[in-house]
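Working notes for the structure below.
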Amino acid sequence: MSEVEQTVVPVPSDEIDLGELLGVLWAGKWLIGGVTFAASVIAVIFALMMPNVYRAEALLAPNDSEGAGGLSALAAQYGGLASLAGINLGGGSADKTTLGLEVLRSRKFISEFIERHDILVPVMAAKDWDAASGELEIDSTIFDSNARKWVREAKPPRKEAPSSQEAYKVFSDLMSVSNDKKTGFVTISIEFFSPTIAKQWVDWLVEDINSTIMQRDVAEAEQAIAYLNEQIESTSLSDLQNVFFKLIEDQTKTVMLAKVSSEYMFRTIDPAIAPELKSKPKRSLIAIVGMLLGGMFGVVIVAFRHGLRAARN
Numbered sequence: 001m002s003e004v005e006q007t008v009v010p011v012p013s014d015e016i017d018l019g020e021l022l023g024v025l026w027a028g029k030w031l032i033g034g035v036t037f038a039a040s041v042i043a044v045i046f047a048l049m050m051p052n053v054y055r056a057e058a059l060l061a062p063n064d065s066e067g068a069g070g071l072s073a074l075a076a077q078y079g080g081l082a083s084l085a086g087i088n089l090g091g092g093s094a095d096k097t098t099l100g101l102e103v104l105r106s107r108k109f110i111s112e113f114i115e116r117h118d119i120l121v122p123v124m125a126a127k128d129w130d131a132a133s134g135e136l137e138i139d140s141t142i143f144d145s146n147a148r149k150w151v152r153e154a155k156p157p158r159k160e161a162p163s164s165q166e167a168y169k170v171f172s173d174l175m176s177v178s179n180d181k182k183t184g185f186v187t188i189s190i191e192f193f194s195p196t197i198a199k200q201w202v203d204w205l206v207e208d209i210n211s212t213i214m215q216r217d218v219a220e221a222e223q224a225i226a227y228l229n230e231q232i233e234s235t236s237l238s239d240l241q242n243v244f245f246k247l248i249e250d251q252t253k254t255v256m257l258a259k260v261s262s263e264y265m266f267r268t269i270d271p272a273i274a275p276e277l278k279s280k281p282k283r284s285l286i287a288i289v290g291m292l293l294g295g296m297f298g299v300v301i302v303a304f305r306h307g308l309r310a311a312r313n
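Numbering (the numbering used here), first residue to last: 1 to 313.
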């Protein structure tokens with residue numbers, strides 16, 4: 001009986017030989033080290049070229065004054081009686097804090113803020129800040145400071161002079177507004193090259209939002225007073241006239257309270273200051289990330305080269 005010789009055919013394995021991989025990486029250690037070093041140098045140079053950015057912020061509390069509710073708060077009390085005479089006083093009022101924050105973030109408010117304080121050039125053309133002189137560095141390819149003229153190259157529909165829509169988008173990126181739902185406190189912050197300008201802009205934002213909401217409420221109250229006076233003349237019911245007189249009294253109080261304090265919408269708990277330390281960039285973090293990415297890229301290059309050689313053989 002003859003023995004049948006069996007030939008064992010090796011089956012290719014998809015498992016990675018860790019020892020072989022470590023050997024390949026060790027053989028390419030100089031390439032990995034070179035790529036890592038080059039990436040680290042590039043990351044450090046990039047980090048050093050980035051200008052410092054400072055963050056100024058103010059902590060505010062909603063000013064829930066009694067007279068800031070407008071006519072809608074009084075309508076809840078007297079609206080039923082007034083409706084008997086066919087008069088609609090309106091009803092329901094949006095949360096004042098939410099309204100103020102939405103106005104603060106709105107395109108109209110920010111566009112008017114930039115125009116009112118004449119800050120279009122620093123918003124759109126500033127590139128750095130000179131700590132020694134305290135002056136902003138303006139990008140000469142965007143704005144010619146000597147000629148006071150916009151010189152940037154813009155593709156249609158953009159023009160040399162930035163539009164209010166462009167300025168709104170850029171300023172919105174510089175500004176941050178947050179509302180703590182638990183405490184109700186509001187934080188307004190600006191990140192900019194100059195710490196003093198960042199602080200100034202936060203102060204202006206607080207002043208302007210208070211002024212804007214105050215003017216709105218005063219205008220509404222004065223319109224309500226005029227409307228109620230008309231209704232008093234048009235009705236002969238003494239009870240209803242007494243209601244209207246009470247409404248006029250409360251609306252007059254709203255106007256008076258609005259003009260007493262400049263902090264009508266928000267009270268300043270912690271005012272903005274010019275920060276001494278930058279908020280970004282995190283240069284050490286950028287350098288570390290660059291080194292790690294360089295190391296991973298070097299490993300990929302070595303592994304790819306080894307795979308090509310193995311495929312050719």
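Even glycine gets a Cβ: it sits at the ideal position worked out from N, Cα and C.
Around the beta carbon of Gly100, a 10 Å sphere encloses 16 or more other beta carbons of the protein chains shown; the residue is thus reported as buried. Within the segment 231–299, the complete alpha helix (DSSP H) segments at least 4 residues long are 238–260, listed from N- to C-terminus.
In the DSSP annotation of this structure, the continuous segment of the alpha helix (DSSP H) that includes Lys108 starts and ends at Arg107 to Arg116. By the 16-neighbour rule on beta-carbons within 10 angstroms, Gly19 is exposed. Looking at the DSSP output, Thr187 sits in a beta bridge with Leu59 and Ser178. Secondary structure of Ile142 (DSSP, three-state): coil. Distance from the CA atom of Met49 to the CA atom of Lys108, rounded to whole angstroms, is 35 Å. Partner residues in the beta bridge of Asp128, as assigned by DSSP, are Glu137.
Within a 10 Å sphere around the beta-carbon of Lys96 sit 16 or more other beta-carbons, which makes this residue buried. Using a Cβ distance threshold of 9 Å, Ser164 and Glu115 count as a contacting pair. Runs of the alpha helix (DSSP H) spanning 4 or more residues and lying entirely within the segment 145–175 occur at 164–174, in chain order. Taking 9 Å as the cut-off, the beta carbon of Trp204 is found closer than this to the beta carbon of Phe113. Per DSSP, the beta-bridge partners of Tyr54 are Phe192. Per DSSP, Gly28 is not a residue of any alpha helix (DSSP H), being assigned neither H nor E.
By the Cβ test, the segment 184–196 is in contact with the segment 47–61, since at least three Cβ pairs between them sit closer than 8 Å. As the crow flies, the alpha-carbon of Trp30 is around 52 Å from that of Pro157.
Counting the other CB atoms within 10 Å of its CB gives Ile288 a total below 16, which places it among the exposed residues.
The C-alpha of Gln251 is placed about 51 Å away from the C-alpha of Asp130.
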